[in-house]
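For reference, the structure is listed below as structure tokens.
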Amino acid sequence: MILVVNPGSSSIKFKLFNEAFEVLVEGLAERIGIDGALTLITNEKKHKFNTEFPDHLAAAETIIEKLRELNIVKNQNEIKSIGLRVVHGGDKIFEPVIIDSRIKKIIEINSKLAPLHNPPALVTIEAFEKTLSHAKLVACFDTAFHQSIKPEKFLYPVPYEWYEKNSVRRYGMHGISYAYIVKKFREVKQLKNNDFNLIIAHLGNGASITSIKNGKSFNTSMGLTPLDGLMMGTRSGEIDPSIIEYISKDSNMDVIEVTSILNKDSGLKGISGISSDMRDITSVMNENTRAKLAVDMYCQRVADFVIKYLNQLEGKIDGLIFTAGIGENSFIIREEIIKKLPMLNIELDSKSNIEQYDECLKISTNKSQYEVFKIRTNEELMICKDVIKLTK
Ligand code: ADP
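If you count by this note's numbering, then the sequence shown holds residues 287 to 678, one letter each, in order.
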């Protein structure tokens, strides 16, 4: 069995796979170190346990103990390997890796670039090293996929010393999702090589867009941090950086407070004043002008990136792909984005745009100049496959 783990600052999400890539069970240990801790495990039934855990080690132990109590895992040695999602690998990590002291050091060094994500990942790694000491641990980094991006695209036009001394550059995120989508596209199209270009819009609560040249990341919208690029659920995406100093002075806040508002109270939430959740916004957009404004701005920004990336790929793409919560599910948003791309002569197939689908569906007509797809991403499955590949 392979345990795939997504560590957060106060939670550990997990999925347990068998060697045939089937999900046996999934779950979540949440409120680590906070009152009211919970462990939820779902197979055919939902199981809920109210066990307190002071730290990630106790949460990891509880997960394994409950999997045994439920008879999902008879002997903990059955879990042969663990794949962990780690957000930031800086510029030293290019692919999934077996975790050793060098990798742990890299995760620690890059904590300054991902202070909310890397520290809990490290603590979770150490928790599972103790709890399942026989298992091989593999780290899959969100930044790794984007290491193929060239300096002229990953550098910001700021003093070069900021890059050399402070590691300021574009790193990009959602790399595990992009790697999965590229693999899925190859499978669906039965392509034998990487001789294809794509533009992939990963539109979840966090959102980014990536161009793919010859199967590899060519440019991406998230930057040094996930705040750059597209408008998101609660993040602004790219803005004039001077707004930070201006608002800070005008509203008597410090830079940390303003940056927190740009991360947590901006984007769809900030503009609509209703919610960060796209469903809440699209359901009232016909009667609420601020909801409509939020949708228009959101879609315009995606469309503008598509144009920019298509230009960088000299107009040659084999597909425009929508994925993640909004990209996979919101036919309205896909339609609105395509409407804002009149130069591309895309013809959406309105039936397939709204149609239920399993993993992948083409949503453009055969007359369309470019092919458009909706594909369901599966980061956990990607991690599971990488773990099997690396530990065999
Ligand atoms: P995260 O970045 O947290 O992984 P998700 O990929 O789960 O986010 O995406 C969450 C977003 O997807 C929310 O804005 C939610 O409203 C949107 N979403 C999920 N299902 C639908 C749907 N059926 N229609 C429209 N939007 C949806």
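Heads up, the beta-carbon is just placed ideally off N, CA and C, and yes, glycines get one too.
Where SER503 is concerned, the enclosing beta strand (DSSP E) starts and stops at 502-506. The shortest CA-to-CA distance from GLU338 to any of ALA346, LYS352, ALA323 and ILE392 is the one to ALA323.
Selection LYS352, PHE482, GLU621 and ILE486 evaluated against ASP604 yields PHE482 as nearest (Cα-Cα). In the three-state reduction of the DSSP assignment, GLU351 falls in the helix class, which pools H, G and I.
For SER387, the enclosing alpha helix (DSSP H) begins and ends at 387-395. In this structure, ASN639 lies near ARG620, with their beta-carbon atoms less than 8 Å apart. GLU330 and VAL359 have their C-alpha atoms spaced approximately 15 Å apart.
In the structure shown, ASN361 falls within a coil segment according to DSSP collapsed to helix, strand and coil. A direct Cα-to-Cα measurement between VAL309 and LYS301 gives close to 7 Å. Annotated three-state conformation of ILE288 is strand, per DSSP. Per DSSP, the unbroken alpha helix (DSSP H) holding LYS439 starts and ends at 437-440.
Following the DSSP letters along the chain, one finds VAL658 inside the beta strand (DSSP E) bounded by residues 658-661.
Residue pairing by DSSP places THR328 opposite GLU312 and LYS332 in a beta bridge.
Counting C-beta atoms within 10 angstroms of its own C-beta, ARG388 has fewer than 16 neighbours from the protein chains shown and is therefore classed as exposed. Ranked by Cα distance from VAL673, the first of PHE431, ALA421 and GLY509 is ALA421. The set of residues with a C-beta under 6 Å from any non-hydrogen atom of ligand 1 comprises GLY490, ASN491, GLY492, GLY519, ASP563, MET564, ARG565, ALA610, GLY611, ILE612, ASN615 and SER616, given in chain order. Between LYS416 and ILE288, the C-beta gap is not smaller than 8 Å, which leaves the two residues out of contact. Under the three-state reduction of DSSP, ALA610 is assigned to helix. In terms of Cα proximity to LYS675, the closest of GLY294, ILE320 and LEU423 is LEU423. Residue pairing by DSSP places ARG371 opposite CYS426 in a beta bridge.
At the C-beta level, VAL373 and ASN404 come within 8 Å of one another.
In its chain, beyond the 5 residues on either side, ASP604, GLY605, LEU606, LYS648 and SER650 have a beta carbon closer than 8 Å to the beta carbon of GLU657. Within the region 585-636, the runs of beta strand (DSSP E) that reach at least 3 residues and sit entirely inside it are, in chain order, 606-609.
It is roughly 6 Å from the alpha-carbon of GLY294 to the alpha-carbon of PRO406.
Note: PHE300 is bridge-paired with VAL291 and GLY313 in the DSSP secondary-structure output.
Rounded to the nearest angstrom, the gap between the Cα atoms of LEU667 and PRO382 is 13 Å. Annotated three-state conformation of THR520 is coil, per DSSP. Distance check between ALA577 and each of ILE567, GLY553 and LEU630 places ILE567 closest, using alpha-carbon atoms only. In the DSSP assignment, LEU647 forms a beta bridge with LYS660. Here GLN433 is buried, its C-beta having at least 16 other C-beta atoms within 10 Å. Remark: three or more beta-carbon pairs, one from each stretch, lie closer than 8 Å, so the region 514-521 and the region 586-599 are flagged as touching. Around the beta carbon of ILE320, a 10 Å sphere encloses fewer than 16 other beta carbons of the protein chains shown; the residue is thus reported as exposed. Spanning the alpha carbons of THR506 and ILE498 requires a straight line of approximately 9 Å. SER558 carries a helical assignment under DSSP once its states are collapsed to helix, strand and coil.
Bridge pairing for SER494: HIS488 [DSSP].
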